[in-house]
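Scroll down for the structure; my scribbles are underneath it.
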Amino acid sequence: MPKASEIKKNNTIVFNGKTCIVRDIERSVPQGRAGGSIYRMRMYDVVSGAKFDETFKDSDMLDMADLVRRPATFSYMDGDEYVFLDNEDYSPYHLNKDAIAEEALLFNEDTDGIQVLIVSEQPVALDLPTSVALEVVETDPSIKGASATSRTKPATLSTGLVVQVPEYISTGEKIRINTEERKFQSRA
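Residue numbers for the sequence shown follow my numbering, so the first one is 353 and each next one is one higher.
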């Protein structure tokens, strides 16, 4: 049983008899208290999809849920669901677009390294690689000699995500995006 301080984003825990996936963690250190850090976790019930926040002390012991990670590839959209195919046995995993709304702008059919998180035989979330390569579909024209400056401009990517890129990046180029910070990393 791990402590609250050891829980990471996208871990699944059993809380109040429900299996929950941790979507966001905020750590705060109260002033003037002898105790340790406080962890505020935003969690989603994997069965009902209900969202709730809960606060834990760093020493609180939490129950990890039984979780399976399967490598998968995005295949197609089916109404309100994204369909992923298992890389080994090609079984389909259907994920509702609301459940993965944050991740949806960071992948396409060419993205490698996607993992589907499965709890109790049910696909519940995605785990993306640390960086993904996406194509720039719209940005201002590149400026010659701009590589020496650190100015940026907005660029719209093939998935609809808008990020700030250096001035030397032009339309049609593939770039790497850091999936946690949603920021430009490098040319792909």
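Positions of the beta carbon are idealized from the N, C-alpha and C atoms, including for glycine. As the structure is a computational prediction, the values presented were derived from the model and not from experiment.
Assigned with DSSP and collapsed to three states, Leu-414 falls in coil, not helix or strand. Per DSSP, Pro-493 lies in no beta strand (DSSP E) and is assigned neither H nor E.
Per DSSP, Met-395 is one residue of the beta strand (DSSP E) stretching across 390–397. Within the DSSP secondary-structure output, Lys-403 pairs in a beta bridge with Tyr-396. When DSSP states are grouped into helix, strand and coil, Ala-477 belongs to the strand group. Out of Pro-423, Glu-455 and Met-429, the CA that lies nearest to the CA of Glu-440 is found in Pro-423. In this structure, the beta-carbon distance from Pro-475 to Leu-509 does not fall below 8 Å. For the pair Ala-451 and Ala-477, the Cα-to-Cα distance works out to about 7 Å.
Taken through DSSP and simplified to helix, strand or coil, Ser-357 comes out as helix. Distance from the CA of Leu-419 to the CA of Pro-354, rounded to the nearest whole angstrom, comes to 15 Å.
Pairing Ile-529 with Ser-483 gives a Cβ-Cβ distance under 8 Å. Rounded to whole angstroms, Ser-389 and Gly-369 show a C-alpha spacing of 25 Å.
By alpha-carbon distance to Ala-485, the top candidate from Lys-409, Asp-432, Asp-412 and Arg-534 is Arg-534. About 18 Å separates the CB atoms of Ser-502 and Ser-522; that is not less than 8 Å, and the two are not in contact.
In terms of CA proximity to Met-393, Ile-373 leads the group Phe-536, Pro-481, Leu-513 and Ile-373.
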